[in-house]
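One point on numbering: in our numbering, the residue at position 126 of the sequence shown is 221, and numbering is uninterrupted.
We put the beta carbon where it would ideally sit given N, CA and C, even for glycine.
Read through the structure below, which is laid out as structure tokens, and then see the notes.
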Amino acid sequence: MFWASYLLAAMAVILAWPVPVLLARAKWTARAPVTALVLWQAIALAGGLSMIGAMLTWGLEPLGENLLAGLQGLADLLVSYTPAPGLDLIHVFALSAALLLGVHLVFTLLLTYYRIRKQRNKHRDLLNLLSSPVKNSPKTLVISHPAPVAYCLPGGGGSVTVLSEGLLELLRPEELEAVLNHERAHLNQRHDLLLWAFAAWRSALPWLPTSQLAQRAVNELIEMLADDGALRTANRETLIRAVAVVASGERPSGVGAPAKELLTPEESEALSTAHRLHRLLSPSPPLGKPAQALVLACSALLLAVPTVLLLAPGLAG
């Protein structure tokens with residue numbers, strides 16, 4: 096396992112810096128958001144597995160030729176209390192570091208879930224006091240607020256979509272329906288689970304710049320997916336107008352004009368910096384199936400390589 100630990104360490108470094116940076120800058124992700132999300136998840140899982148695996152294989156190297164044999168050797172060592180040849184302080188330190196990092200990641204994941212769940216329950220209690228359900232739609236709540244606001248609050252069977260009175264006053268019926276479908280797509284596709292996982296990654300490794308890149312990229316991608324969900328029933332012009340109204344907080348002039356003409360130059364410049372709106376205003380063809388298959392294959396390979404390095408008997412000496 097000696098060389099396996101070095102290969103895992105190298106893979107951890109590659110997945111912690113250059114790969115996420117390049118992916119965050121890639122243009123193709125907007126053309127295949129589902130495929131891009133799979134790749135981001137593979138990078139996160141393979142990166143964590145490589146970090147822990149590198150330290151674990153280094154620490155267990157004197158005890159076995161692979162992870163399972165090394166763990167068996169460690170268990171025998173702990174039961175018999177007999178010293179193992181070659182197991183020195185450096186190996187013990189590596190094993191301790193791997194254990195601490197693994198516990199830290201799992202604990203942060205659970206703690207993040209607890210915090211999110213607590214915030215949602217508190218928010219839901221406030222909504223019960225300050226909101227009223229929409230007629231014939233009990234899972235859509237309206238709050239008394241002049242600003243245009245729309246968001247969803249996940250919670251399994253208790254999931255709700257929240258709208259503000261300011262939004263209802265600004266949007267036309269077809270635009271409101273597009274916004275509702277966007278929020279429903281978030282709930283139906285369980286985007287909250289992705290946000291939870293990447294928020295936990297950022298909390299666990301705040302010193303890692305790419306954890307911030309990943310969270311930002313994932314946020315953008317799920318918004319694109321929700322837009323795609325809304326576009327199944329709403330036309331593109333309607334959705335763009337709805338997004339423009341929510342972003343600017345006012346109804347643009349030019350009723351019935353094309354969506355691009357409804358934006359002032361200042362609004363257009365500001366909105367063009369957002370990948371989501373740029374994608375709506377200037378749609379590109381979906382990424383080809385061969386390219387998507389290649390990305391998915393790379394995602395599978397990212398997970399397979401550290402697994403093989405950990406489990407293959409005698410690999411890399």
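Minimum C-alpha distance to Asp-183 - residue among Phe-202, Thr-203, Ala-170, Gly-154: Gly-154
Any C-beta of chain D under 8 Å from that of Trp-98: Among the chains of the structure shown, chain D does not appear; only one protein chain is present.
Reduced DSSP secondary structure (H/G/I, E/B, other) of Leu-155: helix
Beta carbon of Ala-395 nearer than 8 Å to that of Ala-325: no
Spatial neighbours of Ala-127 in its chain, beta-carbon cut-off 8 Å, leaving aside the 5 residues before and after: Pro-381, Leu-382, Ala-386, Gln-387, Val-390
Leu-266 in three-state terms, based on DSSP: coil
Supposed contact pair Ala-170 and Ala-107 - C-beta distance, whole angstroms, cut 8 Å: The Cβ separation is near 26 Å, so there is no contact.
Whole-angstrom distance between Leu-225 and Leu-194, CA atom to CA atom: 46 Å
Residue from Asp-323, Cys-393, Leu-320 with nearest C-alpha to Leu-134: Cys-393
Contacting residues, own chain, Cβ-Cβ under 8 Å from Trp-112 (five flanking each side not counted): Pro-304, Thr-305
Given Leu-200 as reference, the closest of Leu-140, Arg-210, Leu-236, Arg-212 once Cα atoms are compared: Leu-140
Leu-248 - containing beta strand (DSSP E), residue span: 245-248
Under 8 Å between C-beta atoms of Val-237 and Leu-248: no
Cα-Cα separation between Leu-262 and Gln-136, rounded to whole angstroms: 34 Å
Whole-angstrom C-beta distance between Leu-275 and Val-340, which should lie under 8 Å: Rounded, the Cβ-Cβ distance is 14 Å, inconsistent with contact.
For Thr-333, the three-state DSSP class (helix, strand or coil): helix
Distance, Ala-189 Cα to Gln-310 Cα: 29 Å
Contacting residues, own chain, Cβ-Cβ under 7 Å from His-277 (five flanking each side not counted): Ala-321, Asp-322, Gly-324, Ala-325
For Thr-235, the first and last residue of its enclosing beta strand (DSSP E): 232-238
Three CB pairs or more closer than 8 Å across the stretch 201-212 and the stretch 288-303: yes
Whole-angstrom distance between Leu-406 and Ser-145, CA atom to CA atom: 13 Å
8 Å Cβ cutoff met for Leu-397 and Ile-138: yes
Residue interval of the beta strand (DSSP E) (run including Pro-228): 226-229
For Ile-109, three-class secondary structure by DSSP: helix
Run of the beta strand (DSSP E) containing Thr-328, from where it starts to where it stops: Unbroken run through Thr-328: none, as it is neither H nor E.
Beta-bridge partners of Thr-256, as assigned by DSSP: Thr-235, Cys-247
Whole runs of the alpha helix (DSSP H) within the stretch 164-230, excluding any shorter than 4 residues: 184-225
Spatial distance of Leu-300 from Leu-158 (CA atoms): 30 Å
Pair within 8 Å by beta-carbon distance, Gly-344 and Ala-280: no
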